[in-house]
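Written below as structure tokens is the structure these notes are about.
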Amino acid sequence: MATSKPHVTVQEVGLRDGLQSIAGVMPTDEKKRWIDAEYAAGVRHMEVASFVPAKLLPQMADAVEVIAHALRYPDLIVTALVPNLKGAEKAFEAGVHRIVAPISVSAAHSMANVRKTPLDMVEEFGRIADLREAMGRRGPTRLIAGLSTVFGCTLQGDVPLDDVREIVLRVLDIDCDIIALADTTGHATPGQVDRFFGVLRPLAEDRLTVAHFHDTRGMALPNTMIALQHGIREFDASLAGLGGCPHAPGATGNVATEDLVFMLESLGYHTGIDVEKLLAARAIVQRALPGAALFGSLARAGLPKGYSNPQSETKAAA
Ligand SMILES: [Zn+2]
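Each residue of the sequence shown is one higher than the one before, starting from 3 at the first, in the working numbering.
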């Protein structure tokens, strides 16, 4: 039966990770339409905003309104990114289900991004955990340590596994629920993912459960395959692979949600997401962000002739 297949969670992060790195500001109503379309496609985890100063990132100035819209769906798990304690306070107040704080393992990236060393950022993360306790949000809000630039960094280059291991061990001492490993810059290769998860998963098996891959070098799906073998069961993705960097021509964003879902379903995992509806939802992003580069192999080639959608099969069987 389709529903007894092992479940893998796919979290849409295009509204945060995808949008934050492109120049055009998406109107709030279009963001809401995007959320609606993905919800209708079966997506039940979305990272929809970040709480950074609007002056630094006008794209996220409507965070509270976008979150309120997402929260109207009672079974949608809504996540916000917060770079510091102040952002966390706003996110707790906004009522999100999950807060992710980025902790850059690369010292160079951390200084450039949040003007803090990785260890300072771990301390800030500890303060966010304390704030959660003080605000009585420990039950309703899950706390995620989003380790970024884990597999390499555009500024620093190589990121040693020992550096990642040290941050994981320190984060484990903090009262958080989930540790996510992010290949922020698309450096990761399957061999490296195998090595890193081989060392890190045994340290934190019950909490190290999420991976976040960018497709800069076309390695996001192979990396996902390896992470699956190590027991990772939640992956971030961005519709149409939205993202990239205006200063790096050819750079791409997260793995395309539709490509990831297509692959996972082909392997027999259950995502609950309808890939045809995802493909249709790309039109919203296209229309709202004229000129933005969209990616994704499935959209380019179309679904294979005779493709049978596992989601319609599930419905037919029910
Ligand atoms: Zn990312």
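Glycine included, every Cβ here is placed at the ideal spot set by N, Cα and C. From a predicted model like this one, the values you see are computed outputs, not experimental measurements.
Inset, instruction - Taking residue 211 as part of the alpha helix (DSSP H), name the residues at either end of that continuous run. - result: No alpha helix (DSSP H) holds residue 211; the beta strand (DSSP E) holding it covers 210-215.
Legend entry - Span separating the alpha-carbon of residue 231 from that of residue 185: 17 Å
Legend entry - DSSP three-state assignment for residue 144, whether helix, strand or coil: strand
Inset, instruction - Note down, one range per segment and in chain order, each alpha helix (DSSP H) of at least 4 residues found wholly within the region 21-97. - result: 30-43, 65-72 and 87-96
Inset, instruction - Check the C-beta distance from residue 30 over to residue 91 and give it rounded, since I have them as a contact under 8 Å. - result: With a Cβ gap of about 22 Å, residue 30 and residue 91 do not count as contacting.
Inset, instruction - Check whether the Cβ atoms of residue 172 and residue 124 lie closer than 9 Å to each other. - result: yes
Legend entry - Check: residue 111 C-beta below 8 Å from any heavy atom of ligand 1: Because no heavy atom of ligand 1 lies under 8 Å away, the Cβ of residue 111 does not count as near it: no.
Legend entry - Proximity below 9 Å, CB of residue 243 to CB of residue 225: no
Legend entry - Any non-hydrogen atom of ligand 1 within 8 Å of residue 154 CB: no
Legend entry - Pairwise C-alpha distance: residue 154 and residue 220: 15 Å
Legend entry - Per DSSP, the bridge partner or partners of residue 105: 149
Inset, instruction - Out of 291, 227 and 73, state which residue places its alpha-carbon closest to the alpha-carbon of residue 268. - result: Checked all of 291, 227 and 73; the closest Cα to residue 268 is 227.
Inset, instruction - Would you check if the distance between the CB atom of residue 238 and the CB atom of residue 80 is smaller than 9 Å? - result: no
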